[in-house]
Each structure stands twice: as structure tokens, then as C-alpha cells.
Amino acid sequence: MTEKFDVKEIESVCTYCGVGCDITGVVENNKITKIYAQKDGVVSQGKLCVKGKFGFDFVDSDERVREPRIRKSFLDKNPTIKAKFEDKMKIFDDTFWTCDLDTATSIASMKLSEVKETFGGDSFCAIGGARTSCESSYSFQKFCRETMDSPHVDNCARVCHSPSLKGMRATIGEGAATNPYNDIYDCEFMLVIGSNTMEAHPIVANRIVDMAKKHNNLAIIDVRETKMVKYAKHNAIIPYEANLLVLNMMTYVILDEEIYNKNFIEKRTKGFEEFKEKILNDPYANPKFFEKIEGYEHLAKMIPNIAREYAVKKSMIFWGLGVTEHLDGSYAVMAMTHLGLLTGNIGKRGAGLMPLRGQNNVQGACDMGCLPYYLPDYEEPKVVGLMTPQLIDAMIDGKIKALLNMGEDITHIHPNLNKIDRAIGNLEFIMVQELFMTDIAKRADIIIGVKSAYEKTGVYVNAMRRLHLSQPLVETDLPDDWEVLKELTNKLGGDFKHETSEQVWDEVTKVAPKRFSGAQYYRLARHRKRGMQWPVYLEDTPILHLLDFRTEDGLGKYVYKQYEPRGMIQEILDKEFYANGLDGFYLTTGRTLAHYNNSAQTKQTAKLYNNHSEDTLLASLEDEGKFGNRVILKTEYGETSVLNVKYTDKVKPRTLFTTFHHARSKINAIFGDEADELIMTARFKSLRVTVVPK
3 MTEKFDVKEI
13 ESVCTYCGVG
23 CDITGVVENN
33 KITKIYAQKD
43 GVVSQGKLCV
53 KGKFGFDFVD
63 SDERVREPRI
73 RKSFLDKNPT
83 IKAKFEDKMK
93 IFDDTFWTCD
103 LDTATSIASM
113 KLSEVKETFG
123 GDSFCAIGGA
133 RTSCESSYSF
143 QKFCRETMDS
153 PHVDNCARVC
163 HSPSLKGMRA
173 TIGEGAATNP
183 YNDIYDCEFM
193 LVIGSNTMEA
203 HPIVANRIVD
213 MAKKHNNLAI
223 IDVRETKMVK
233 YAKHNAIIPY
243 EANLLVLNMM
253 TYVILDEEIY
263 NKNFIEKRTK
273 GFEEFKEKIL
283 NDPYANPKFF
293 EKIEGYEHLA
303 KMIPNIAREY
313 AVKKSMIFWG
323 LGVTEHLDGS
333 YAVMAMTHLG
343 LLTGNIGKRG
353 AGLMPLRGQN
363 NVQGACDMGC
373 LPYYLPDYEE
383 PKVVGLMTPQ
393 LIDAMIDGKI
403 KALLNMGEDI
413 THIHPNLNKI
423 DRAIGNLEFI
433 MVQELFMTDI
443 AKRADIIIGV
453 KSAYEKTGVY
463 VNAMRRLHLS
473 QPLVETDLPD
483 DWEVLKELTN
493 KLGGDFKHET
503 SEQVWDEVTK
513 VAPKRFSGAQ
523 YYRLARHRKR
533 GMQWPVYLED
543 TPILHLLDFR
553 TEDGLGKYVY
563 KQYEPRGMIQ
573 EILDKEFYAN
583 GLDGFYLTTG
593 RTLAHYNNSA
603 QTKQTAKLYN
613 NHSEDTLLAS
623 LEDEGKFGNR
633 VILKTEYGET
643 SVLNVKYTDK
653 VKPRTLFTTF
663 HHARSKINAI
673 FGDEADELIM
683 TARFKSLRVT
693 VVPK
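Residue numbering for the sequence shown is 3 to 696, as defined by the working numbering.
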């Protein structure tokens, strides 16, 4: 007897990074057997990275959370709840009971009601939303603000591109990419700063590499040598925490040599003369400053060369977390927009600004209002909530009592993990919606397993504002995130009537009309492979700022910030950096191609896990022999687990690099609370550490 196979090919969107590739899943008997990109895919261009192509085994993993789990000790501490629901639960293991969704949400709503009545709505916070659909992100912030009456909602943009939003809105009124990826083919010069694009955003990197091979028009600015430098005309390896310094230097050269666009400045910006005077009188903006920085003297000539080429050509700037995760990340983003404003490299085809977003829907989560200072459509709330680092402090102080966490492993990917451990331990109630028992899920009182991106319908917004309507590749009985929130809302006295994700999205188009009024499901379905870029009215908007900036008066503005010497540069100036001891090395962190963030999904695929089964420390060849092949990194905040060391010529002397994909490495335990001074994004890209040989 021949077994009958039900084989389908279904178009959807990749679940990993912010590139947002279109995918096609080959499904046999409700199981994904292959994922590929079609040749006419607008984002993918027919190619996928190894994560997109092979990283789907998580969907069927035995480790998926497929039934709600209720911590036994939580019920012991809440005898009234236990007495009411005990007969509806059964033993899962030594730590948890299990039950159906209705019982789990009833228990959760009963506890949340108690917390709200006892301590007030603002004792509750909600963190997450960037890994799920816009429909669920919207419902998440609405639940927090309206059902729980709390302003405290945040998402993982706090540890990645919040400075991009802050810096771009401050200068040009909109905190999102100005152009589509394919404008790369129309630009004449490309500047990549603080981005390991070939590993973190490989399908965007394909376009950059294609152009660099043909035109030799790529400049890279970073603290280490990334894979893309082999295609670069200019490879500027800079000291740690020098982004703002270098960008101000580029501005200085453009102003000093008068290679700016006078017509554009006059018609489309304001405050130019004042800004010009400040830059030209800035003691650190002249590139000759690098003549004093031992080991980096060549930058005194290289930076002006990059600035000149950027100014006189149609240019695009691409940046990643190597810019934003610093003390002055927001100001560095402003400095990049200054370059666009001065040269007219914004508001036209083939010229613009491209923040390379991390999560598959972090742009959408921000658009939906999963930020304490923005409602959907970036409207201002009546009450501004706390950002995640402030929420951690409030947990320790006893002001925050309950946490709803949706798809964000805060006890792995956030900084100062020892402090976060104390904060989490101080909470009365933690509920997590997740695919797997991540680190935060293992600490939760209630864990509800939910649909993955490959099991549901929903809208995702990629790094270039492109909306993709995903559709399920496989079917499951698990709830979507918004369906869990619906249960909670209605049990807490709310009125969540929507029955489908489309009905939720229809509400979004009305609540956030400035960006989504014309983005109905039927239009997104019609353009599923192409996607539509917001703002979407009668048509979409591939390029922003064609006529005016999205500021009140339509003009771009300059927000000057002087670089302040610190860290590595100050130590070099003081003749202290190049010492022989094991104290005073500088560490930066990042991703590798095979894994994504906390690797919860990618490690379920053996091919990906085996490619990078541990976080390895990269050290300079010049430092080989100083501390052997196994070390611990220490700071005043904590220490890592033992790390294997690989020596390479890709990093500079007394600097280090490691990934953070595996929670057991405890990389983020050594970071403290130092963060962007405007928006509190952690300083993950520069940390002074002590190396301890093991």
C-alpha cells in the first residue's frame, strides 16, 4: 500500500532577522521538509541564509512548550488559587503542573487582578513583542495600557535600535529606513559602520557585495575586521567608542572643504550656520586628532578620504548595533543623519539611511506602540512608562510586582544579569508566552506555549518598513499570542471581541492610520511576495522624505554633540592602554551567521548548532601567549563561564570579540548599567575587562 502524501508549497516570511526575506515552505503531511526562496522574491532575490534555509526544525521540536505549565511553588504561595483550580491540573514534572489554556489564563487573570487591586495597575509591566506578529504586538501593548492600566510596556528595541529611532526622529522626524534595499543598485557609494552585515544581515550584504565588486565603492568602519572587508575600498578599523568622533570628523571635512550641497541645505534644513560653527570649532572633529592616537594614526588620512567620496557621490549609510549599543549611540545616529542632510544624500533614489534592524518584527513592534513613550503610530501617551532598565530597578525596589513576558529572553540577552536575577526574584508573578523553555521561562510562574511564525497568520514589518503578510506553513492547536491576550483581557473585565488576526489588524489600520490606513489584508495578500512599505495609503511609499522631512515644519535639523574622550582613546592618550597586564582589554560582542540572538530556535537544527556550539573568544595574534587557550572574563559586575580562545589577525591588539548566543556562557553577566544617555540602550559594544587564564 502506497502512503499518501499531502504536499503543499506555501509562501510566507522568514522568522529570523529584520531583513524579512520572502520564503516558500514545502510541506508534506503538515511537516516542513524544505524552505527556499523563489527567484522573483523581492527581498530574498531567490537566496536565503543558512538560518532561513535550514533553521525550521524548531517547529517540530520535542522541546516545544505544547501545554501550559504552572509552577508548583507558585500555587503553594497562592492557596486560594490552588484550591480553586487544583482539580483541573495534572502533574507535568517535579516543578510544574499542567492544564488547558482556559485554566492557565484563569489562574493568570486571577493573580493579575489581585496584583492590580493590591498594588495598582502600574505595578505591572509587559516586556516583549518583537518576535511575534504586529497583531500580537498591538494586542500586547493594548493589554498593558488598557486592561492592566499600566504605562510600562517595552520591547527588545531597548537593547538594539532604540537609538536609531531616537536619533532619526530628532533630526528628520522619522525613525526608520529611508529607502528599499534595492536602492543599493542605484547608489554610487556605500558606507557600512558598526555592522557585521555578511553574518547578521546576509541577504542585504549580497547586494552590497555585488555593487562593491563592480564599482569598488564600499567603505567599512568598525572596531574589528569583518568578513565584508575583502570587498572594501576603505577599511577603517577604529578605536572602541569612536563612532561619534569619526562621524563628526567626516562632517568637519565636508564643511571645511565646502563639499556640501548648498541648495539642499538652504531649502530643506534649518540651523546650518550655527551647526557649522560648532563643528569647525570642535577640538576633536579635525581628523588630525588621530595623529595622537597610537595604532590608529592612519585614520587621520583615511577618514577624510571616506568623507570626500561620500559627499560627492550618491551615497547610502548602513549601520548596526556597533553604532547604537554605546553611551552616545543616539548622538552617533544623529551624526549620520547630519551627513545625509549636508550632502543631500537623503530623500531620493539610491541615497539614504539604513538602520539594519535585528528582530524579524522589531520595526513592527515599535510601530504598534510597544514602547513606554509611544502609542501606535508613534503618538504620545498621556502617561510615559519606564524603559526596561528602569523597570529592573523598580522590580528591585518593590514597585513592579508582576511581569508579562512575550518572546524576549530578558535573563539572557539583557545586560547585568546578576542584577536582573535579583530583580526577577523579587517579583510576585511572572507569566511567559514562548516557544521553548528559555532562561526566563524556566523562572516563570506560568508558561504558555504559543504558535511560532510558521504556524500563524500575521503582519511583519522588516527593516525597510516593508509589510509582509505571513501565512501558516503548518497547522497547530497552539494559540497565537493575541489569542492568549484575548483570554486574559476578557477574564479581567475587558471586551476583546476579535475572532481572527485580520480583525485585529483592521483595528490597527484605524488606530494607526498615518502608516497603515491602506494596508488591508487583501492588499497585503495580493502583494505577498513584494510586500508594501509604509506609509500605505492608496499606494505604498518605498522612499521617504522625497519632498519634506516628517518634522513639524518639514525641515531637517542638526543636533550637535561634541565627542568626549573616554575609555580606550583616553587610555591611549594617557599612554596607559598598551600595557602588558591582563587588565584593561576591551571586549565587543556580536552574532555569527549560524545562530540568531539567544539561539532558542536555531539550536534545534543540528546543522546550525554544530556550526557554532559554543561562544568562542577572539583575541589578537599579538596577544597570543599572554593568557592561553581558556579564559574567564571579569568585571565588577560578574564573570563569564570559561571560554575557549581563538587567536586571529581580525582584531586589534588588546581587543576581544565574542558571540553571546549560548546562555551558559554568561557573557551578559559582565555588563553593567552603562547605556545610551538618552534612551538607555546597553553599552554592549565596548567593555573594559580583565582576562583570567584558566
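Yeah, the Cβ is synthetic: ideal placement off N, Cα and C, and Gly gets one too.
Residue range P204 to H217 is occupied by the alpha helix (DSSP H) that includes H217.
I305 and V385 do not touch by the CB rule: their CB atoms are close to 44 Å apart, not below 8 Å. The shortest CA-to-CA distance from F191 to any of Y298, N347 and F94 is the one to N347. Residues of the same chain with their beta carbon placed closer than 7 Å to that of D395 are lacking, with the five preceding and five following residues left out of the count. The Cβ atoms of A179 and M370 lie no closer than 8 Å to each other.
DSSP places S115 in the uninterrupted alpha helix (DSSP H) bounded by L103 to F121. Out of P153, N31 and V161, the CA that lies nearest to the CA of G674 is found in V161. Here the segment 474-487 makes no contact with the segment 387-405; the two share fewer than three CB pairs at distances below 8 Å.
Given a length threshold of 3 residues, each whole run of the beta strand (DSSP E) inside the segment 562-650 is given here in chain order: 585-592, 619-622, 632-637 and 645-650.
Between I129 and D156 a beta carbon distance of about 5 Å is seen, short of the 8 Å cut, so the two are scored as contacting. Taking all protein chains in view, the Cβ of I93 is surrounded by fewer than 16 other Cβ atoms within 10 Å, so the residue is classified as exposed. In the DSSP secondary-structure assignment, D156 is bridged to I129. Close CB contacts of E624 within its chain, under the 6 Å cut and outside five residues either way in sequence, are with P655 (chain order). When DSSP reads this structure, L689 sits in a beta bridge with L589. Going by C-alpha positions, R71 is about 5 Å away from I449. The segment 420-434 and the segment 169-178 do not touch, with fewer than 3 CB-CB distances between them shorter than 8 Å. Beta-carbon to beta-carbon, I267 and I571 are separated by about 31 Å, too far to satisfy the 8 Å threshold.
Here M150 carries a coil assignment [DSSP, helix/strand/coil]. DSSP, reduced to helix, strand and coil, places L437 outside both helices and strands of the structure shown, so it counts as coil. Approximately 6 Å separates the beta-carbon atoms of C51 and I205; this is inside 8 Å, confirming the contact.
Note on Q505: under 16 other CB atoms within 10 angstroms of its CB, so exposed under the neighbour-count rule.
A residue is called buried once 16 or more other Cβ atoms fall within 10 Å of its Cβ, and L282, having fewer, is exposed.
The three-state secondary structure of H236, taken from DSSP, is strand. With fewer than 16 other Cβ atoms from the protein chains shown falling within 10 Å of its own Cβ, E299 counts as exposed. The beta carbons of Y580 and A621 sit about 15 Å from each other, so the pair does not count as a contact at 8 Å. Per DSSP, the beta bridge partners of I448 are I72 and M433. For the alpha helix (DSSP H) assignment, the uninterrupted runs of no fewer than 4 residues enclosed by the segment 299-344 are, from N- to C-terminal side, 301-314 and 323-326.
Scanning D447, A202 and Y254 for the CA closest to the CA of Y18 turns up A202. Residue burial is scored here from C-beta neighbours: R270 has at least 16 other C-beta atoms within 10 angstroms and is therefore classed as buried.
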